[in-house]
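Asks: Whatever position you read off the sequence shown (first residue = 1), add 96 for my numbering.
All residues carry an ideal CB built from backbone N, CA and C; glycine is no exception.
Quantities reported herein were computed from a predicted structural model and do not represent experimental measurements.
I have a structure I would like to understand better, so I am pasting it below and will then ask my questions one at a time.
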Amino acid sequence: MDILNFLSNAQNWGLVLLIIIGAVFFLYSFVIFYHFIRFGVGGRTKVLALIFFIGVCLLSAVTLIAYQKVNWLAILEAIKNALPNIKPV
97 MDILNFLSNA QNWGLVLLII IGAVFFLYSF VIFYHFIRFG VGGRTKVLAL
147 IFFIGVCLLS AVTLIAYQKV NWLAILEAIK NALPNIKPV
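The structure is reproduced here in structure tokens:
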């Protein structure tokens with residue numbers, strides 16, 4: 097599939113945005129997790145890192161489920177109705 101054809105579909109922008117946000121979130125989480133494990137002294141920091149990692153996985157799952165259940169067309173319609181005087185460029 098051609099990348100321009102993929103990006104020309106408005107529904108695919110949500111998927112691209114989700115992938116970018118997810119990648120940044122997991123990279124940020126990995127950096128924190130890595131530093132907890134690598135530079136932590138003793139076992140407590142490793143337990144804290146494990147708790148943090150489990151929390152990241154659960155929060156990511158909840159976020160993905162919630163993202164898929166959002167009706168974006170209804171939200172955009174509500175924004176258009178709330179701001180009737182703004183004209184598109």
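Smallest Cα separation from Leu-114: which of Ala-162, Asn-177, Tyr-130 and Leu-179?
Replies: Ala-162
Asks: Give a yes or no on contact between the segment 126-146 and the segment 154-172, applying the rule of three or more CB pairs nearer than 8 angstroms.
Replies: no
Asks: Could you check what DSSP says for Val-127 in three-state terms: helix, strand or coil?
Replies: helix
Asks: Just the C-alpha distance for Asn-108 and Glu-173, rounded to the nearest angstrom, thanks.
Replies: 19 angstroms
Asks: Write down the C-beta distance between Ala-145 and Phe-129 rounded to the nearest angstrom, noting that I regard them as a contact closer than 8 angstroms.
Replies: 5 angstroms
Asks: In chain order, what residues of the same chain lie with their CB nearer than 6 angstroms to the CB of Thr-141, ignoring the 5 residues before and after it?
Replies: Phe-132
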